[in-house]
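One structure is given here, and the rest of the page talks about it.
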Amino acid sequence: MFRHRRQHHTYFGADEQRQRRLPEKFRHPDDPHRHSHEFLRHYRYFRYHRPIVLLFTLMLLYLLFSWVGFKGIGIFFAVLLITKEIVQFFFLLRLETRIFNPMKNVKQGLDEVAKGNYGIKIEYDKPNDLGFLISSFNEMTAKLSESEKLKAEYEENRKALIANISHDLKTPITAIQGYIEALLDGTATSAAHKASYLKTIHQNSIYVNKLIDDLFLFSKLDMQKLDFHYEDVSIRAFMSDLMEEYRFDLEERNIQVEYTVQAAADYCIKLDGKRFHQAFNNLISNAVQHGPETGLSIQVKLYRQNNFVCLDVKDNGPGIPEDKLPFIFDRFYRIETERPKGFASTGLGLAIAKELVEAQGGKITVSSIKNMGTCFTIMLPILPSKESESYQ
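First residue of the sequence shown: 388, per the working numbering; consecutive thereafter.
Here it is, written out as structure tokens:
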């Protein structure tokens, strides 16, 4: 009449049963069998061994009192106390020297960093964890200091850029405005005067347009947003075509051009032809603008130096003073002692040339001797696997 329910019993070992009797927070969530033995070992120690150790200690103290008496025990504890104080003094002194004072210096350093003083450095030469921490702190402050210098430099450059743009735009625009007003109010009566005024207006408008183009190009370079399309280029053939293009134009302006090739082979380089043309054009334009009115000579030489193809652009102009050379590639930098011909110089040409060459993995340097000319050298890396010996 009654149905008997079958009861299922699960049997556990002794350790498993103990583990099940432990509070839930002491059980391992993933695998209790894996880690229970170590826990039970510590559990047994505190439950069984500690009372035994305590009883043994009490027996030892009882025997000690029986053997030496209260006076001996007093002397023993007095010596122990004095020894403890001496050890504690030297321990605290060492702790203060190695831990507390350096940590105090770290706190003071952090306070200085919070105030904006990034030039702080903490001296600590112990090879421990605290030494590693202080070394990391010093590295952090050095990077923050460098970042602050760059920030100040960028801010200074920004102010200088705005001032230079304002000045360089104001001068031609003022000239254009003045000549247009002269034409409108009838100041220029003769055809020759009108033609001269219109020519000046045209020159200034060309300068403004070039300045805007250079600013746009330089800003894209500075923000690394200028697109480059690289190709494997035969440098000898590329330069031959490029020089043929410039030779005709320069000789029409009575400028002597000499192009020599000293490379034994036609080396292959990775190049964006359009961007390299812009950089090379800026060097040629710089030589023309700052060279003598008559008798200007430009020498271009192609050669190899180690793993680089080198291109020299040398002129016979007045040269650059030695103290001005470090700044020659700075934006808007001009040498006041020598005015360029016309309004073509924006002060950005050499800065753009440097950025364009370096963006293609190359380098550009300058050397100059006063009254003897200036030489700009472009160095571009050779592709080692694609050297051609066909032009020996």
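Positions of the beta carbon are idealized from the N, C-alpha and C atoms, including for glycine. Every value quoted in this text rests on a predicted model; they were computed, and no experiment measured them.
8 Å CB neighbourhood of residue i in its chain, flanking five on each side removed
i	result
L531	V500 and Y505
G748	K657, L767 and P768
D555	L598, F719, T733 and G734
Y633	V644 and I671
K629	The identity of residue 629 in the sequence shown is Leu, whereas the question assumes Lys. Hits under 8 Å: H664 and F667.
The ligand MG heavy atom lying under 7 Å from the CB of residue i
i	result
N758	Only the bare structure without any ligand can be found here, which leaves the ligand MG out of the picture.
With 16 other Cβ atoms within 10 Å as the buried cut-off, status of residue i
i	result
Q611	exposed
D417	Residue confidence for D417 is low, a pLDDT of 48 falling below 50, so the modelled location carries little weight; the figure read from the coordinates is stated next. So D417 ends up on the exposed side.
H677	buried
T376	No answer is possible for residue 376: it lies beyond the span of the chain, which begins at 388 and ends at 779.
V440	exposed
G461	exposed
R662	buried
N596	exposed
I622	buried
P438	exposed
E764	The question names Glu, but residue 764 is Thr in the sequence shown. With 16 or more Cβ atoms within 10 Å of its Cβ, T764 is classed as buried.
D516	exposed
Y654	buried
M626	buried
N693	exposed
L571	exposed
V466	exposed
Y511	buried
H420	With a pLDDT of 48 at H420, under the threshold of 50, the modelled position of that residue is not reliable, and the figure given next carries that caveat. When all chains shown are included, H420 counts as exposed.
V620	buried
G736	buried
V700	buried
N496	It should be noted that the sequence gives Gly, not Asn, for residue 496. Burial call: buried.
V744	buried
Same chain, Cβ closer than 7 Å to residue i, five either side skipped, listed in chain order
i	result
A562	T587 and N591
K607	L613
M446	none
Y720	F714 and G734
E378	Only positions 388 to 779 of the chain appear in this structure, which leaves residue 378 out of reach.
M759	G706
Presumed contact (8 Å Cβ cut-off) between residue i and residue j, rounded CB distance
i	j	result
F695	I769	7 Å
T761	D717	No, T761 and D717 are not in contact; Cβ-Cβ is about 16 Å, not under 8 Å.
E618	G565	The Cβ separation is near 48 Å, so there is no contact.
L698	I642	Between I642 and L698 the Cβ distance is about 18 Å, and since that is not below 8 Å, they are no contact.
N525	K508	5 Å
A569	A575	5 Å
N704	A746	Reading off the sequence, residue 704 comes out as Gly, not Asn. The Cβ separation is near 27 Å, so there is no contact.
R485	K513	6 Å
Same chain, Cβ closer than 6 Å to residue i, neighbours up to 5 away in sequence not counted
i	result
I722	K711
P771	none
E535	Y505
K502	none
Min CB distance residue i to chain C below 8 Å
i	result
M626	Going by chain labels, chain C is absent from the structure shown, which holds only one protein chain.
Length-filtered (3 minimum) beta strand (DSSP E) runs lying within the segment 608-696:
Restricted to the segment 608-696, the beta strand (DSSP E) segments that are unbroken, complete and at least 3 residues in length are 618-621, 643-648, 655-658 and 684-692, listed in chain order.
Are the segment 639-647 and the segment 680-693 touching, with three or more C-beta to C-beta distances below 8 Å?
When C-beta atoms of the segment 639-647 are compared with those of the segment 680-693, three or more pairs fall below 8 Å, so the two segments count as touching.
Inside the segment 568-613 only - alpha helix (DSSP H) runs reaching at least 4 residues:
Uninterrupted alpha helix (DSSP H) stretches at least 4 residues long and entirely within the segment 568-613 occur at 578-609, given in chain order.
For the segment 706-716 and the segment 747-765, state whether three or more C-beta atom pairs, one from each stretch, are separated by less than 8 Å.
The segment 706-716 vs the segment 747-765: in contact.
contact_flag[the segment 608-623, the segment 574-586] where n(CB pairs < 8 Å) is 3 or more
Contact fails: fewer than three Cβ-Cβ distances are below 8 Å.
Is it a yes or a no for the segment 733-740 touching the segment 665-683, going by three-plus beta-carbon pairs under 8 Å?
The count of Cβ pairs closer than 8 Å, one atom from the segment 733-740 and one from the segment 665-683, reaches three, so the stretches are in contact.
Quick check: the segment 511-522 against the segment 482-496, are at least 3 beta-carbon pairs closer than 8 Å?
These segments touch.
Given 8 Å as the limit, is there contact between the segment 590-604 and the segment 542-556, that is, 3 or more CB pairs closer than that?
Yes, the segment 590-604 touches the segment 542-556.
In chain order, each alpha helix (DSSP H) run of at least 4 residues that lies wholly inside the segment 485-573:
List check, alpha helix (DSSP H) in window: 488-501 and 516-571.
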